[in-house]
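One structure is given here, and the rest of the page talks about it.
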């Protein structure tokens with residue numbers, strides 16, 4: 000401690016020993032991909048200080064996840080700073096640091112990963128627009144082309160307080176069902192994907208849909224225009240993963256180039 004009582008040791012630093020030679024190659028690549036996702040979430044303003052979480056399965060494992068340290072900003076996260084946990088939140092591998100993990104991370108994510116073996120990555124946010132739509136009785140409206148992809152493909156879960164109660168897990172899973180996007184009422188947004196690129200792309204689209212809805216509804220609910228149901232049904236079908244091309248892959252390579260072009264963006268997350 001210094002004279003002001005501020006922690007000055009390295010226990011809460013952001014320099015982590017590289018795991019490059021300590022984990023299998025497939026896991027290292029998964030770590031880099033997940034770290035890049037955290038950086039991109041920061042880049043597009045989808046963060047809430049040190050809160051929220053993104054998880055991805057450890058390759059070749061159905062019961063191990065990678066998650067962020069609780070205390071790091073998303074723009075500080077690297078491949079080596081990610082924590083390996085099991086579905087119950089027990090830490091399997093963690094950097095030498097005073098940071099731990101956020102219980103709500105595995106309460107929310109662990110049960111979904113357990114119930115949905117098709118899900119590789121889960122992203123949860125508390126963005127301003129996401130929270131605003133989560134507080135609207137109408138939920139997400141199909142007001143835009145971007146929002147139309149969620150027509151008939153989004154779930155809702157009622158607010159039960161901070162997500163630290165294990166009893167809430169079965170209700171989360173039941174409400175999500177087979178959907179890959181969910182609005183946590185009075186709380187925020189959640190998406191699932193068969194890959195990190197797929198999950199990131201879905202969250203980006205959901206966030207943009209929420210931002211557009213908040214802007215449009217500032218004119219008054221009587222002024223917004225909802226397309227006909229048949230049009231929405233067709234649009235929603237055409238936007239489902241695998242309908243036209245691998246979902247999120249083309250966008251992901253562009254997003255990595257965006258990180259590479261930023262000072263400190265690449266390869267710092269890959270360390």
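Residue numbers (my numbering): 0 to 270. Virtual Cβ for every residue (Gly too), placed ideally from N, Cα, C.
Residue 248 versus 37, 195, 235, 83, residue with shortest Cα-Cα distance: The shortest C-alpha to C-alpha distance from residue 248 to any of 37, 195, 235, 83 is the one to 195.
Unbroken beta strand (DSSP E) run spanning residue 90, endpoints: 90-92
Residue range of the unbroken beta strand (DSSP E) whose run includes residue 145: Careful: residue 145 lies outside any beta strand (DSSP E), inside the alpha helix (DSSP H) at 144-147.
Same chain, Cβ closer than 6 Å to residue 269, five either side skipped, listed in chain order: 31, 78
Residue 225 versus residue 103 - alpha carbon distance: 36 Å
The segment 105-115 in contact with the segment 158-175 per 3-pair CB rule at 8 Å: yes
Euclidean distance between Cα positions of residue 133 and residue 206: 11 Å
In chain order, each beta strand (DSSP E) run of at least 3 residues that lies wholly inside the segment 117-181: Listed in chain order, the beta strand (DSSP E) runs fully inside the segment 117-181 are 120-124, 154-156, counting runs of at least 3 residues.
Outcome for residue 6 when other beta-carbon atoms lying within 10 angstroms are tallied against a minimum of 16: Any reading at residue 6 must be qualified, since the residue scores a pLDDT of 40, below 50, and its modelled position is unreliable; no value is offered.
CA nearest to the CA of residue 34, picked from 221, 212, 246, 199: 199
Selection from 233, 252, 15, 257 that minimises the alpha carbon distance to residue 146: 233
Proximal residues to residue 101 (C-beta, below 6 Å), its chain only, five neighbours per side dropped: 69
Where residue 247 sits in the DSSP three-state scheme: coil
Distance between beta carbons of residue 96 and residue 10, contact taken as under 8 Å: 7 Å
Member of 42, 178, 80 whose CA lies at the smallest distance from the CA of residue 27: 80
Coarse secondary structure for residue 19, derived from DSSP in three states: In the three-state reduction of the DSSP assignment, residue 19 falls in the coil class.
Bounding residues of the beta strand (DSSP E) (the contiguous stretch that carries residue 65): 63-66
Alpha-carbon to alpha-carbon, residue 156 and residue 113: 18 Å
Residue 152 beta carbon less than 9 Å from that of residue 235: yes
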